[in-house]
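Notes for the one structure printed next.
In the working numbering, the protein residues as written are 1 to 143.
Following this line, the structure appears as structure tokens:
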């Protein structure tokens with residue numbers, strides 16, 4: 001035995017019998033499931049668009065062992081009081097000793113001394129020696 005109650009106000013407003021009202025509610029539930037699936041599809045499409053927009057702006061760091069890099073002076077914004085606003089923001093050059101997981105790098109100085117801590121790749125910038133430095137480095141490597 002199935003009981004269904006219907007609001008008298010709703011039944012009178014729509015001019016429906018209780019059976020017609022129950023059928024209308026079942027149809028509305030089916031439509032609701034369709035709307036939920038449509039909304040889920042839209043959300044997934046939107047997420048893919050957001051990922052694409054983010055990845056378009058992200059610049060990957062393709063640094064390998066032996067590459068020379070500048071390292072940002074940490075903490076950011078720390079200025080040497082002697083130089084004021086003309087304080088350098090980068091120090092180096094350093095050589096990448098080892099590439100670690102998650103975009104981290106282990107650095108060493110040009111003398112071969114290891115940096116005390118690992119550093120994230122976002123704080124590194126490729127170092128391109130000038131012509132005079134490159135000639136000097138070639139001369140040092142040939143001896």
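Ideal placement from N, C-alpha and C gives every residue a C-beta, glycine not left out.
On a predicted model such as this, the values are computed, not experimentally measured, just so you know.
### Message
How far does the alpha helix (DSSP H) with residue 54 in it extend, from its first residue to its last?
### Response
18-57 is the span of the alpha helix (DSSP H), which, as asked, contains residue 54.
### Message
Contact between the stretch 35-49 and the stretch 98-108 is defined here as three or more beta-carbon pairs at a separation below 8 angstroms; is this criterion met?
### Response
Because the criterion of three Cβ pairs below 8 angstroms is not met, the stretch 35-49 and the stretch 98-108 do not touch.
### Query
DSSP on residue 101, reduced to helix/strand/coil?
Here residue 101 sits in helix by DSSP.
### CB-CB length for residue 110 against residue 69, believed under 8 angstroms
Their Cβ separation, rounded to whole angstroms, is 11 angstroms, which puts residue 110 and residue 69 out of contact at 8 angstroms.
#### Entry: Contacts around residue 79, its chain only, beta-carbon distance under 6 angstroms, and the 5 residues preceding and following it disregarded
Excluding positions up to five away in sequence, the list reads 87.
#### Entry: Proximity winner among 89, 67, 122, 19, relative to residue 60 (alpha-carbon distances)
Taking only the C-alpha atoms, the option nearest residue 60 is 122.
### Task
Mind reading off the beta-carbon distance from residue 71 to residue 94? Whole number of angstroms is fine, and I expect it under 8 angstroms.
Confirmed, about 6 angstroms.
### Message
So the candidates are 104, 112, 116, 17; which of them puts its Cα closest to the Cα of residue 62?
### Response
When only C-alpha atoms are compared, the closest one is 104.
### Status (buried if at least 16 other CB within 10 Å, exposed otherwise) for residue 107
Classification of residue 107: buried, given that the 10 Å Cβ count is 16 or more.
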